[in-house]
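Q:
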Amino acid sequence: MIGAAQLRCTTDVDENFANVELIAKDAKNKGVKLLCLPECFAFIGGDNVKVAESLETGSLIKKYKDLAKSLDIWLSLGGFPEISSVNPGKKIHNSHIIVDNTGQIKAVYRKIHLFFVDIPNTPKLDESEFCDGGKDIVVVDSPVGKLGLTTCYDLRFPEQYIALRKAGAEIFLAPSAFTLMTGKDHWEPLIRARAIENQCYVVAAAQWGVHNEKRTSYGRTCIVDPWGTLVACSSDKAPSLVLHEIDLDYLAKVRKNMPVWSHRKQECYRSVEYLSLIHI
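Residue numbers (the working numbering): 1444 to 1723.
#1: Taking the beta strand (DSSP E) that Trp1517 belongs to, which residues open and close that run?
#2: As a quick exercise: from Ala1550, Lys1506, Arg1637 and Asp1584, pick the residue whose alpha carbon is nearest that of Leu1598.
#3: Does the beta-carbon distance from Gly1522 to Pro1586 come in below 9 Å?
#4: Considering only their Cβ atoms, is the gap separating Ile1666 from Val1653 smaller than 9 Å?
#5: Nearest to Cys1643 by CA position, among Glu1613, Lys1708 and Ile1516, is which residue?
#6: Please return the same chain residues whose Cβ sits closer than 7 Å to the Cβ of Pro1702, not counting the five positions on each side in sequence.
#7: Flag this pair as yes or no: are the beta carbons of Thr1453 and Asn1641 separated by less than 9 Å?
#8: Could you check whether the segment 1600 to 1607 touches the segment 1655 to 1664, counting it as contact only if at least three pairs of C-beta atoms, one from each stretch, sit closer than 8 Å?
#9: If I measure Cβ to Cβ from Asp1575 and keep anything under 7 Å in the same chain, skipping five residues before and after, which residues do I get?
#10: Rounded to whole angstroms, what is the Cα-Cα separation between Pro1632 and Leu1510?
#11: Do Thr1625 and Ala1647 have their CB atoms nearer than 9 Å?
#12: By DSSP, does Thr1625 sit in helix, in strand, or in coil?
#13: Does DSSP classify Glu1631 as helix, strand or coil?
#14: When you compare each of Leu1520, Asp1584 and Gln1650 to Gly1488 by their alpha carbons, which one comes out closest?
#15: On the criterion of 16 or more Cβ atoms from any shown chain inside 10 Å, does Gly1532 qualify as buried, or is it exposed?
#16: One question on the structure: do Ile1548 and Ile1580 come within less than 9 Å of each other, judged by their Cβ atoms?
#17: Measuring only the C-alpha atoms, how far is Ile1639 from Asp1668?
#18: Under the assumption that Val1494 contacts Pro1524 (Cβ atoms under 8 Å), give the Cβ distance between them as a whole number of angstroms.
#19: Use the C-beta contact count for Trp1630: other C-beta atoms within 10 angstroms, 16 or more gives buried, fewer gives exposed.
#20: In the DSSP assignment, what residue or residues form a beta bridge with His1706?
#21: What are the uninterrupted segments assigned as beta strand (DSSP E) that are 3 or more residues long and contained completely in the segment 1457 to 1489, given in chain order?
#22: What do you reckon, is the C-beta of Gly1488 under 8 Å from a heavy atom of the ligand COA?
#23: Given a cut-off of 9 Å on the beta-carbon distance, is the pair Ala1467 and Ile1516 in contact?
#24: In three-state DSSP terms, what is Asn1655?
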């Protein structure tokens, strides 16, 4: 069983953790093996650099690792402010972290595609002002299947998902904090497209609601199966939890019945230089 949480986080890291703890306990009681948290699950709407931590020694990230261990549950920590290895003290990495049920970090994906939007009459958002992008794609084994790690804005770049599928991914995790303006038109079509193109599950935990006067998230946490069917979706509230039983036999059946992967004509496409791969 996989679970995806919908949250409405703020700059209050203690309140954010308390909400995660409650939803994680609920997920554990419902038989969830892997709980997916949205982007910015620990902090949103303030100075990310001031709260950034080392993943090895940070006190805030330790609370989440300890939570996974205490509940005997895997966590997908959808986007954590990690101290940048490129510009420490000046920028962060937006890091998607997989923690196992012993509290150990199994994988870290540093968001590659940094969000930028400048729509008239809405706040301009430029993630590169405070964030350094990563360069590696990540696939990691888990109790529910092989996870391909992505974050939010990555959904707009299908090449990354094709690379993850080629590396063996069965379930794409796409924790997000989509804006209200982009989410209402683009959120569900993007998630379903990535599932259909690659015949993979997509689990998209989302932020929802008003975080501050400048930022509101669209929400609609959902899970899509390899056929592109929306199999679970949240209501407009937070915190909330959606659940689905991952069926890898069904995934294999979809791929066998419509073997689109074997029909790809890579030699006919413009050459794509894929990013380096970390396969754990």
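All residues carry an ideal CB built from backbone N, CA and C; glycine is no exception.
A: Concretely, from the data shown:
#1: As a position in the sequence shown, residue 1517 is number 74, starting the count at 1. Taken as a continuous stretch (DSSP letters only), the beta strand (DSSP E) holding Trp1517 covers Trp1517 to Ile1526.
#2: For the purposes of this step, residue 1598 is identified with residue 155 of the sequence shown, where counting begins at 1. Comparing Cα positions, the closest option is Arg1637.
#3: Position 79 of the sequence shown, counted from the start, is the residue given in the question as residue 1522. Position 143 of the sequence shown, counted from the start, is the residue given in the question as residue 1586. No; because the gap between Cβ atoms is not below 9 Å, this pair is not in contact.
#4: Numbered from its first residue, the sequence shown carries residue 1653 at position 210. Numbered from its first residue, the sequence shown carries residue 1666 at position 223. Taking 9 Å as the Cβ cut-off, Val1653 and Ile1666 do not qualify as a contacting pair.
#5: By one-based count along the sequence shown, residue 1643 stands at place 200. Closest by alpha carbon: Glu1613.
#6: As a position in the sequence shown, residue 1702 is number 259, starting the count at 1. Excluding positions up to five away in sequence, the list is empty.
#7: Taking the sequence shown and counting its residues from 1, the one referred to as residue 1453 is at position 10. Taking the sequence shown and counting its residues from 1, the one referred to as residue 1641 is at position 198. No; because the gap between Cβ atoms is not below 9 Å, this pair is not in contact.
#8: no
#9: One-based indexing of the sequence shown puts residue 1575 at position 132. The answer, listed in chain order, is Ser1527, Val1529, Asn1530, Lys1534 and His1536.
#10: Within the sequence shown, the letter at position 189 stands for residue 1632. Within the sequence shown, the letter at position 67 stands for residue 1510. Roughly 34 Å between the two C-alpha positions.
#11: Looking up residue 1625 in the sequence shown gives position 182. Looking up residue 1647 in the sequence shown gives position 204. No, Cβ-Cβ distance for Thr1625 and Ala1647 is not below 9 Å.
#12: Here residue 1625 refers to the residue found at position 182 of the sequence shown. Three-state DSSP puts Thr1625 in a helix.
#13: Along the sequence shown, one-based indexing puts residue 1631 at 188. Glu1631: helix per DSSP, three-state reduction.
#14: Working through the sequence shown from its first residue, we reach residue 1488 at position 45. Of Leu1520, Asp1584 and Gln1650, the residue nearest in Cα terms is Gln1650.
#15: For this step, residue 1532 is matched to residue 89 along the sequence shown. It counts as exposed.
#16: Here residue 1548 refers to the residue found at position 105 when the sequence shown is read from its first residue. Here residue 1580 refers to the residue found at position 137 when the sequence shown is read from its first residue. No.
#17: Your numbering for residue 1639 matches position 196 in the sequence shown. Your numbering for residue 1668 matches position 225 in the sequence shown. Straight-line Cα distance between these residues: approximately 8 Å.
#18: For the purposes of this step, residue 1494 is taken as the residue at position 51 of the sequence shown. For the purposes of this step, residue 1524 is taken as the residue at position 81 of the sequence shown. That belief holds up - the Cβ atoms of Val1494 and Pro1524 are roughly 6 Å apart, short of 8 Å.
#19: Sequence index remark: in the sequence shown, residue 1630 carries index 187 (1-based). Burial call: buried.
#20: The residue labelled residue 1706 in the question sits at position 263 within the sequence shown. Per DSSP, none; premise fails for His1706.
#21: 1477 to 1479
#22: Looking for the ligand COA in the displayed structure turns up nothing, as the structure carries no ligands at all.
#23: For the purposes of this step, residue 1467 is identified with residue 24 of the sequence shown, where counting begins at 1. For the purposes of this step, residue 1516 is identified with residue 73 of the sequence shown, where counting begins at 1. Yes, Cβ-Cβ distance for Ala1467 and Ile1516 is below 9 Å.
#24: Numbered from 1 along the sequence shown, position 212 holds the residue referred to as residue 1655. Asn1655 falls in the strand class under three-state DSSP.
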